[in-house]
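Written below as structure tokens is the structure these notes are about.
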């Protein structure tokens with residue numbers, strides 16, 4: 003293992019040297035790229051012997067805050083629509099401590115959650131296969147009902163509908179050949195809906211979650227992982243190349259949002275030139291570059307010095323913890339007020355952008371706030387890991403509830419308000435579900451012990 007670590011350090015040093023000397027990049031951008039590759043390497047290696055959820059989260063943050071901005075800073079700025087408003091040194095000296103503290107916060111509490119013994123899951127799931135299928139079907143029905151629900155009930159139904167993935171993944175764990183079609187079924191629903199509505203975040207996240215789960219169970223080779231990653235990058239470029247054309251045709255055009263429209267747009271807009279052209283590459287980079295919002299916020303706050311302390315955080319907590327009848331003026335998910343006030347940009351009601359945890363940290367306390375808020379978010383995730391780990395004492399397959407609880411919260415482009423709101427409310431909803439099943443699984447546990455299957 004030490005030799006392996008030594009080799010990766012040498013590899014990263016070579017990356018820094020090549021980029022620094024041959025491309026004439028600043029040392030801070032070189033370090034940002036090397037940290038991204040280090041996290042990516044960890045994801046590849048660790049995904050075979052643990053559910054690499056934390057590693058995936060760190061790759062996401064490194065992509066948005068370290069890798070993408072390094073590339074954006076060193077391409078023709080005339081082609082960049084969303085420029086990073088501060089220089090590389092100022093930017094990276096702020097974001098490096100934020101990423102480091104986020105990393106430390108996520109690992110603050112030791113947890114065995116990501117090493118869940120799925121042999122035990124098989125025992126439980128075989129006894130409860132009927133319940134798992136019920137979770138799957140109920141989740142699918144709730145998913146379909148979302149089109150007819152509005153108001154505060156919508157979030158509750160949405161969160162519960164995600165149990166379809168829990169059911170499908172658990173069934174896959176107890177018999178991959180027998181139940182693989184259920185995973186295909188729930189993912190296919192997500193893929194079709196994503197192409198119809200022109201929104202791909204949810205689809206991407208659940209495909210990645212299954213890939214992490216699959217990698218832990220089946221342990222594919224490094225070559226297979228690398229090949230799959232390259233294919234995923236090509237698919238990402240493909241989606242990005244057709245996304246704008248599809249949205250223009252259906253959102254503001256006269257064509258109906260449907261799978262056939264998506265296929266027509268894909269057919270007419272997919273060429274080697276559109277996939278690998280500068281416009282698509284830069285557009286894809288921009289989509290994974292949360293740094294420009296952070297840098298714009300830093301620039302704005304440095305000019306106006308209107309630091310907020312914990313004022314915004316109090317509003318976020320109020321929004322997450324109080325029902326609207328007790329706090330009728332609380333901010334809503336997707337509210338543009340705070341973004342427009344502090345980011346240095348003003349967006350319309352039809353545009354969705356979030357400040358992100360590091361920008362909120364800078365708004366609160368400046369440079370110290372970036373590190374403090376990064377650690378706080380990581381710690382919040384770490385606490386979530388411990389809570390879900392405790393649920394696995396009732397049944398190991400409850401580990402899978404982690405995915406729907408954090409599927410939105412781990413996104414770097416997510417508003418801090420929405421992160422807290424989604425995490426707190428979904429945790430409560432799944433806690434109720436866990437409690438509802440705890441007595442049943444307790445009875446089954448006693449049966450297993452009497453049969454000598456568990457000590």
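In the working numbering, the protein residues as written are 3 to 457.
C-beta: ideal position from N, C-alpha, C; glycine also.
Predicted model only: the values in this text are computed from it and were never measured.
- No Cβ-Cβ contact shorter than 8 Å links residue 159 with residue 171.
- Looking at 427, 364 and 346, the one whose alpha-carbon comes closest to that of residue 95 is 364.
- Residue 214 counts as buried, since no fewer than 16 other beta carbons sit within 10 angstroms of its beta carbon.
- For residue 112, no alpha helix (DSSP H) encloses it, and the DSSP letter there is neither H nor E.
- Taking the Cα positions, residue 169 is about 12 Å away from residue 212.
- Secondary structure within the region 130-172: the alpha helix (DSSP H) runs of 4 or more consecutive residues, fully enclosed, are 131-147 and 154-163 (chain order).
- In the structure shown, the three-state DSSP call for residue 406 is helix.
- The beta carbon of residue 142 is closer than 6 Å to those of 166 in its chain, skipping five residues each way along the sequence.
- Looking from the CA of residue 309, the closest CA among 200, 345 and 244 belongs to 345.
- A residue is called buried once 16 or more other Cβ atoms fall within 10 Å of its Cβ, and residue 424 is buried on that count.
- Between the region 405-425 and the region 60-75, the count of Cβ pairs shorter than 8 Å is three or higher; the stretches touch.
- It is roughly 9 Å from the alpha-carbon of residue 144 to the alpha-carbon of residue 164.
- For residue 292, the secondary structure class from DSSP, reduced to helix, strand or coil, is coil.
- Its chain contains 60 and 380 as the residues whose beta carbon lies nearer than 7 Å to that of residue 105, once the 5 sequence neighbours on both sides are disregarded; these appear in chain order.
- For residue 363, the enclosing alpha helix (DSSP H) stretches over residues 359-367.
- Taking C-beta atoms as the reference points, residue 390 and residue 115 count as a pair closer than 8 Å.
- Judged by beta-carbon spacing, residue 284 lies within the 8 Å limit of residue 82, meaning their Cβ atoms are closer than that value.
- Beyond the five residues adjoining it in sequence on each side, residue 217 comes within less than 8 Å, by CB distance, of 49, 50, 54 and 227 in the same chain, given in chain order.
- Only residues of its own chain outside the window of five on either side were considered, and among them 298 have a CB closer than 7 Å to the CB of residue 347, listed in chain order.
- Rounded to the nearest angstrom, the gap between the Cα atoms of residue 373 and residue 107 is 10 Å.
- One thing to note: residue 360 has its Cβ within 8 Å of the Cβ of residue 376.
- Taking 8 Å as the cut-off, the beta carbon of residue 366 is found closer than this to the beta carbon of residue 314.
- Secondary structure note for residue 416: it is in no alpha helix (DSSP H), with a DSSP letter that is neither H nor E.
- A residue is called buried once 16 or more other Cβ atoms fall within 10 Å of its Cβ, and residue 183, having fewer, is exposed.
- Comparing alpha carbon positions, the residue from 181, 209, 341 and 432 closest to residue 191 is 209.
- In this structure, residue 118 lies away from residue 429, with their beta-carbon atoms at least 8 Å apart.
- Burial check for residue 220: the Cβ neighbour count within 10 Å stays below 16, so the residue is exposed.
- Separation of residue 307 and residue 98 (C-alpha to C-alpha, rounded to the nearest whole angstrom) is 22 Å.
- In this structure, the straight-line span from the alpha carbon of residue 316 to that of residue 89 is close to 32 Å.
- Rounded to the nearest whole angstrom, the CA to CA distance from residue 43 to residue 189 is 26 Å.
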